[in-house]
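Offset between the sequence shown (1-based) and the working numbering: plus 865.
Have a look at the structure below before the remarks.
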Amino acid sequence: MNILVVNCGSSSLKFQLIDAETEHVKASGNCERIGLDGRILYKAGSDKSELETALPDHAVAISKVLDLLTDPEKGVIQSLDEIHAIGHRLVHGGEKFASSVVVDENIIKEIETCNDLAPLHNPANILGIRACQRAMPKIKHVAVFDTAFHQTMPPKAYLYALPKEYYSKYGVRRYGFHGTSHSFVSRRLAELAGLDYENSKLIVCHIGSGASISAIKNGKSVDTSMGMTPLEGLAMGTRSGDIDPAIIEFICQKENISVSELTMILNKKSGVLGMSGVSSDFRDIIAAADDGNEDAQNAFDVLVYRIIKYIGAYYMALGGADAIAFTAGAGENSSEVRKAVMEGLSAIGIKMDEEANKKRGEEALLSTPDSKVPVWIVPTNEELAIARETAHLAF
Ligand code: AMP
């Protein structure tokens, strides 16, 4: 059984064809610049190719992907009959979706009611579903939501201290994101640490260009650092994370800009990029800080300090922790970020193994045997998680 995993952005369509039994990735790629000039990056085994081709819309993009997958030379399957289901990544499922679902017309309508909450992402995700449904109408399409895993949070974690009607009228509350990753990584963390997932207290630190931390008790998310949108919480590549909300009016008045302009700045020009003026990539920040750039050092320190604060908060929220995981780009690969975080966690008895912390991108125990809480690298794999959910619902 082959599952095609599709992740549509407003001008991109990422895909992976995964064998559901062996979990082997047969082919993967990215259609970029949809609506502009168009380009497809495609990888099958060790063969990589780059095709400049017109991609006027998502429908054309998916039909070119299907052509590539079945191409006599570059393809990995003989015919489209060898694609047995499609799993779609959806950013926002609001309160309507606490788990993945098989898509039909009613489900699409329900998803559309969540568009207000993710106006940049959800419409693009839906475009992708419709394009794939038209191209492959006979198979099942499954929607897997970034927010679903966090629907188990209790009201005390998801409610903001705002007038109640903003929640009841508009759904203003914490939803949380990266749910597929937090779910996948926490399950694997429990296995690696020899814990019963249904009876464990886990903290997962997803530190990529977007970053979030979650507290998972007995297999259920009980708190997470991203909020109604992915802007809340940690300092990220370009996102500010937590700020005093009164700053918004203050800056808008001083700079004579609108709230939407400032929201764009908070999303795209803040975080370590805005603080340092160097880059949104943590590697560049670390290199610049090593060269004595004070702003880059401050950006690194803010990033790390906030991770430590959230872990501390979730340690208390959970009443302790049985294991902690680092995942995503910097979590899996940056010894510097992990070292600085673990050094800040000595108060809860965490001790880092210097040698182990040199590891990158592989499952590894980073803490010493006498560390009060074991700390692991657990590489995330959101596409595989989507493929598993899809196989579970489609067959
Ligand atoms: P992701 O969003 O999970 O793909 O993560 C991408 C981010 O991970 C990049 O923007 C980098 O900032 C960060 N990253 C990847 N490798 C390293 C590394 N070795 N050191 C520091 N940051 C890294």
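Note that CB positions come from ideal geometry on N, CA and C, so glycine has one too.
Since the model is a prediction, treat every value here as computed from it, not as a measurement.
So, is residue i buried or exposed, given that buried needs 16 or more other C-beta atoms within 10 angstroms?
i               : result
histidine 1071  : buried
glycine 1102    : buried
tyrosine 1040   : buried
glycine 1226    : exposed
lysine 1059     : The amino acid at residue 1059 is misidentified as lysine; the sequence shows glycine. Exposed, since its Cβ has fewer than 16 Cβ neighbours within 10 Å.
tyrosine 1035   : exposed
isoleucine 1112 : exposed
asparagine 1222 : buried
Please return the same chain residues whose Cβ sits closer than 7 Å to the Cβ of residue i, not counting the five positions on each side in sequence.
i              : result
leucine 1249   : Ile883 and Glu888
glutamine 881  : Val870, Val890, Ser893 and Glu1248
glycine 1214   : Ser1236, Lys1237 and Val1238
isoleucine 991 : Ile973, Ile976 and Glu977
serine 928     : Ala1000
Grab me the residues of residue i's own chain with a C-beta within less than 6 Å of its C-beta, minus the 5 sequence neighbours each way, in chain order.
i             : result
glycine 1196  : Cys1070 and Ile1072
alanine 950   : Ile868, Ile1004, Lys1005, Thr1255 and Ala1259
glycine 1084  : Tyr1062 and Glu1063
tyrosine 1031 : Val1037
For residue i, write down the residues that DSSP places opposite it in a beta bridge.
i               : result
alanine 1229    : Ile1242
isoleucine 1078 : Cys1070
arginine 954    : Val1009
serine 1086     : Ile1081
glutamate 897   : Arg904
isoleucine 868  : Ile883 and Ala950
alanine 892     : Leu882
leucine 916     : Ile905
cysteine 873    : Leu878
Could you check which residue in the options has the C-alpha nearest to that of residue i?
i              : options                               : result
glycine 903    : Gly1194, Ala1193, Glu947 and Ser876   : Ser876
proline 1095   : Val1087, Lys1085, Asp1088 and Gly1106 : Gly1106
aspartate 1149 : Ile1176, Glu1201 and Gln998           : Glu1201
leucine 1057   : Lys1224, Asp1187, Leu1210 and Glu897  : Asp1187
leucine 1099   : Arg1053, Lys1029 and Ile1172          : Ile1172
glycine 958    : Cys873, Ala1205, Phe1010 and Ser1125  : Phe1010
glycine 1185   : Val968, Ala1080, Glu1030 and Asp1146  : Ala1080
alanine 919    : Gly900, Tyr907 and Ile1242            : Gly900
threonine 1330 : Lys913, Arg954 and Gly1177            : The structure shown does not extend to residue 1330, since the chain is modelled only from 866 through 1260, so no value can be given for it.
valine 1206    : Tyr1170, Ala1182 and Ile994           : Tyr1170
If you drop the 5 nearest sequence neighbours on each side, which residues of the same chain put their C-beta closer than 8 Å to that of residue i?
i            : result
arginine 999 : Ala924
Quick check on the DSSP output: what are the complete beta strand (DSSP E) runs of length 3 or more inside the region 1138 to 1219, in order along the chain?
Runs of the beta strand (DSSP E) inside the region 1138 to 1219: 1188 to 1192.
Under a criterion of Cβ closer than 5 Å to any non-hydrogen atom of the ligand ATP, which residues qualify, in chain order?
Judged by which ligands are present, the ligand ATP is missing from the structure shown, whose ligands are the ligand AMP.
Which whole runs of the alpha helix (DSSP H) in the region 964 to 1023 are 4 residues long or more, in chain order?
The region 964 to 1023 contains these whole alpha helix (DSSP H) runs: 970 to 977, 987 to 1000 and 1020 to 1023.
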